[in-house]
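As structure tokens, the structure follows; a few thoughts come after it.
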Amino acid sequence: MTQTEPLLLYNTLKREKQVFVPQDPNHVTLYVCGPTVYSYAHIGNARPPVIFDLLYNLLSSRYPKVIYARNITDVDDKINAAAAEQKVSIDVISKRYTDIFHEDMAALGIGQPSIEPRATNHIPQMINMITRLITSGHAYEAEGHVLFSVESFDDYGSLSRRDVADMIAGARIEVADFKKHPGDFVLWKPSLEPQPGWDSPWGWGRPGWHLECSVMSEQHLGETIDIHGGGQDLVFPHHENEIAQSVCAHGGKIFARYWMHNGFVTFNKRKMSKSLGNTLVIHELLKHTAGEVLRYLLLSAHYRQPLDWSEQTLTRVQRTVDRVYGVIRDANEKYGPLKAAHDPSNKFMSALLDDLNTPEALAELNNEARCLANADDAETAHAAAGRLLAAGALIGLFQQDPQSWLTGDTEGLDDALIEQLIDERNTSRKERNFARADDIRDQLQAMGICLEDVADGTRWRRSSDQ
RNA sequence: GGCCAGGUGGCAGAGUGGUCAUGCUGCGGCCUGCAAAGCCGUCUACGCCGGUUCGAUUCCGACCCUGGCCUCCA
Numbered sequence: 002m003t004q005t006e007p008l009l010l011y012n013t014l015k016r017e018k019q020v021f022v023p024q025d026p027n028h029v030t031l032y033v034c035g036p037t038v039y040s041y042a043h044i045g046n047a048r049p050p051v052i053f054d055l056l057y058n059l060l061s062s063r064y065p066k067v068i069y070a071r072n073i074t075d076v077d078d079k080i081n082a083a084a085a086e087q088k089v090s091i092d093v094i095s096k097r098y099t100d101i102f103h104e105d106m107a108a109l110g111i112g113q114p115s116i117e118p119r120a121t122n123h124i125p126q127m128i129n130m131i132t133r134l135i136t137s138g139h140a141y142e143a144e145g146h147v148l149f150s151v152e153s154f155d156d157y158g159s160l161s162r163r164d165v166a167d168m169i170a171g172a173r174i175e176v177a178d179f180k181k182h183p184g185d186f187v188l189w190k191p192s193l194e195p196q197p198g199w200d201s202p203w204g205w206g207r208p209g210w211h212l213e214c215s216v217m218s219e220q221h222l223g224e225t226i227d228i229h230g231g232g233q234d235l236v237f238p239h240h241e242n243e244i245a246q247s248v249c250a251h252g253g254k255i256f257a258r259y260w261m262h263n264g265f266v267t268f269n270k271r272k273m274s275k276s277l278g279n280t281l282v283i284h285e286l287l288k289h290t291a292g293e294v295l296r297y298l299l300l301s302a303h304y305r306q307p308l309d310w311s312e313q314t315l316t317r318v319q320r321t322v323d324r325v326y327g328v329i330r331d332a333n334e335k336y337g338p339l340k341a342a343h344d345p346s347n348k349f350m351s352a353l354l355d356d357l358n359t360p361e362a363l364a365e366l367n368n369e370a371r372c373l374a375n376a377d378d379a380e381t382a383h384a385a386a387g388r389l390l391a392a393g394a395l396i397g398l399f400q401q402d403p404q405s406w407l408t409g410d411t412e413g414l415d416d417a418l419i420e421q422l423i424d425e426r427n428t429s430r431k432e433r434n435f436a437r438a439d440d441i442r443d444q445l446q447a448m449g450i451c452l453e454d455v456a457d458g459t460r461w462r463r464s465s466d467q
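If you read the first sequence in my numbering, its first letter stands for residue 2, the second for the next number, and so on.
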């Protein structure tokens, strides 16, 4: 049923939702700009990986083969600066933060992309592309640099809707005098001794920062890719420059057919960014918040909208996720082990197929949770749970054991002590010593433990409040 | 200055030309020894001003406000 419904994606190129039609349904290609590994990733950095992980899941449910490439930028001046500051080699920096990035992404339930190419593994290919661009008249050498000539490419500015002429007027930085046009950007630049470098026809140097994505997508996905994604701040200049490089290197062939850009995570309505110093590092957040809660939170707003962060948001999502897990646990106990159905509900799928409308999809998921809680026979319960768990599987939520979810995150708690107190309370209850029983409940409450008296005894869970 | 988003109920956040988003919170109820969990009910929502329309939060225009990009940035 759902297979016949089209997938709509908002294409930044056209500024409208379009029906997604792959150039080859048997080989769908997706490229997403990955991290520059020079420090910890903040929660805003996790938004594209979560969104495109979901898109990858969705595409994989409809097409037999989807290749998803997400690069690692491991040559960059910020890495050089971090290495210099910490007096270690750049490899140490990029290895350390690549590993941490992987840990963080795994905690958020993000699967590995099909390919994770690294810039430093593609230097010869970069040199090759630069050579092609020079030969075809789109790039020129000047004072040890190689620059892309924006005036050589008529469509320059089409993605970001910018006029090349405006760029001169609006230029806020000092323009290097060897540039033919202020908008020309670096493909290759000379390196000085502490900086990393490679031999090239233009001397010892390193690549400019836009080149790697053009080169790696060409090598791993081909000259024309289906979908290219990233944050809205990459539209200009990064993606604009990628288009210029790739289209000119490929004799005018279209580079990416659909461009998708996510909005920012904001903090007090301001963009979260390292330069503003208002970032929340994922690695820190994970110390007291489950990755699944962060994932739900990141999906709770539509991907193109800003997502404002606050402590209240975190608490709210924690409670929502706890509630759904509680419903699943109760149904599990009542109706036996519940299993995911083959497919989520049509409403859920329709929401996702409409440009990844995750808030609507989550609303539907919550409706199914309520449906499950209201079920009063096994058949209804299994049907509701099947839809709920299938939806969760696609979107990357509610796949953990509900019992361990509700009791699990209790570091520093002594299970034996909890059980002992519960026994003592139940003894008091039998003796109708309710004052004593309530004291014990309060004592456990203070420990962050919430008691629930059910038909066959007393069970406990950690409190939803942090 | 140029370009681009957005202003929805106590809060978060979808959506629609004329019935319901959903979540969190508050309030009332069911249940409970009391609770918790869950369920049910509930709280004059659509920035401002005009226009189109039988009817606009939804379409059109003006205005106000917020944020983003134009420099590294997810």
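No residue lacks a Cβ here, since even glycine has one placed at the ideal position from N, Cα and C.
Asked	Found
Under DSSP, the beta strand (DSSP E) around phenylalanine 268 begins and ends at which residues?	266 to 268
Could you tell me the distance, in whole angstroms, from the CA atom of glutamate 144 to the CA atom of isoleucine 124?	20 angstroms
Quick check on the burial criterion: 16 or more other C-beta atoms within 10 angstroms. Buried or exposed for phenylalanine 435?	exposed
How far does the alpha helix (DSSP H) with arginine 97 in it extend, from its first residue to its last?	91 to 108
Check isoleucine 131 in the structure and name its three-state DSSP category.	helix
Counting only the same chain and skipping the five closest in sequence on each side, list residues whose C-beta sits under 7 angstroms from that of valine 51.	Leu109, Ile111, Arg296, Leu299, Leu300
Please confirm whether any heavy atom of the ligand FAD lies closer than 6 angstroms to the CB of glutamate 224.	With respect to the ligand FAD, the structure offers nothing, as it holds no ligand at all.
Which word fits glutamate 285, buried or exposed, when buried means at least 16 other C-beta atoms lie within 10 angstroms of its C-beta?	exposed
Express the C-alpha separation of arginine 463 and alanine 447 in angstroms, rounding to a whole number.	11 angstroms
Could you tell me which residues DSSP puts in a beta bridge with isoleucine 228?	Leu31, Tyr259
Check whether the region 375 to 393 touches the region 31 to 50, counting contact only when three or more Cβ pairs, one atom from each stretch, lie closer than 8 angstroms.	no
Taking just the CA atoms, how far does glycine 264 sit from arginine 305?	5 angstroms
What residues are listed by DSSP as bridge partners for tryptophan 199?	Gly206
Looking at C-alpha atoms only, which residue of Trp461, Pro197, Met261, Thr459 is the closest neighbour of aspartate 227?	Met261
With DSSP as the reference, please indicate the residues paired to asparagine 12 in a beta bridge.	Glu17
Cutting at 7 angstroms between CB atoms, please list the residues of its own chain near glycine 231, excluding the five before and the five after it.	Val33, Cys34, Pro49, His240, His262
Opposite glutamate 284 in the DSSP bridges: which residues?	Note on identity: in this sequence residue 284 is histidine, with glutamate being the wrong assignment. Histidine 284 pairs with nothing; no bridge assigned.
Tell me the residue span of the alpha helix (DSSP H) that contains tyrosine 64.	Premise fails: tyrosine 64 is in no alpha helix (DSSP H) and is neither H nor E.
Please state the DSSP three-state secondary structure of glycine 171.	In this predicted model, glycine 171 has a pLDDT of only 48, less than 50, meaning its place in the structure is not dependable enough to derive any value.
Taking the straight line between their C-alpha atoms, what separation do you get for leucine 8 and aspartate 355?	6 angstroms
Buried or exposed, going by whether 16 or more other CB atoms sit within 10 Å of the CB of aspartate 323?	buried
Could you compute how far the alpha carbon of threonine 225 sits from the alpha carbon of leucine 148?	23 angstroms
Pull the bridge partners of arginine 296 from the DSSP assignment, please.	Note: arginine 296 sits in no beta bridge, so no partner.
Tryptophan 406: which of Val67, Pro345, Asn242, Trp461 sits nearest, CA to CA?	Trp461
Once DSSP output is grouped into helix, strand and coil, what is the label at leucine 148?	strand
Can you say whether proline 118 is buried or exposed, counting buried as having 16 or more other CB atoms within 10 angstroms of its CB?	buried
Starting from the Cα of phenylalanine 349, find the closest Cα among Asn358, Gln401, Ala341 and give me that residue.	Asn358
Based on DSSP bridge pairs, tell me the residues matched to phenylalanine 186.	Phe149
Exposed or buried, which one is lysine 288 when buried takes at least 16 other CB atoms within 10 Å?	exposed
Quick check: the Cα distance between isoleucine 68 and phenylalanine 256, rounded to an integer number of angstroms?	16 angstroms
Under DSSP, the beta strand (DSSP E) around threonine 314 begins and ends at which residues?	No beta strand (DSSP E) holds threonine 314; the alpha helix (DSSP H) holding it covers 312 to 336.
Is the separation between the beta-carbon of alanine 120 and that of aspartate 75 shorter than 7 angstroms?	yes
With a CB to CB cut of under 7 angstroms and the five nearest residues on each side skipped, what residues in its chain are close to glutamate 361?	Ala352
Please tell me whether alanine 456 and alanine 391 are closer than 7 angstroms, where the distance is taken between their beta carbons.	no
Could you check where the alpha helix (DSSP H) with glycine 387 kicks off and where it finishes?	379 to 396
Cutting at 7 angstroms between CB atoms, please list the residues of its own chain near tryptophan 210, excluding the five before and the five after it.	Asp77
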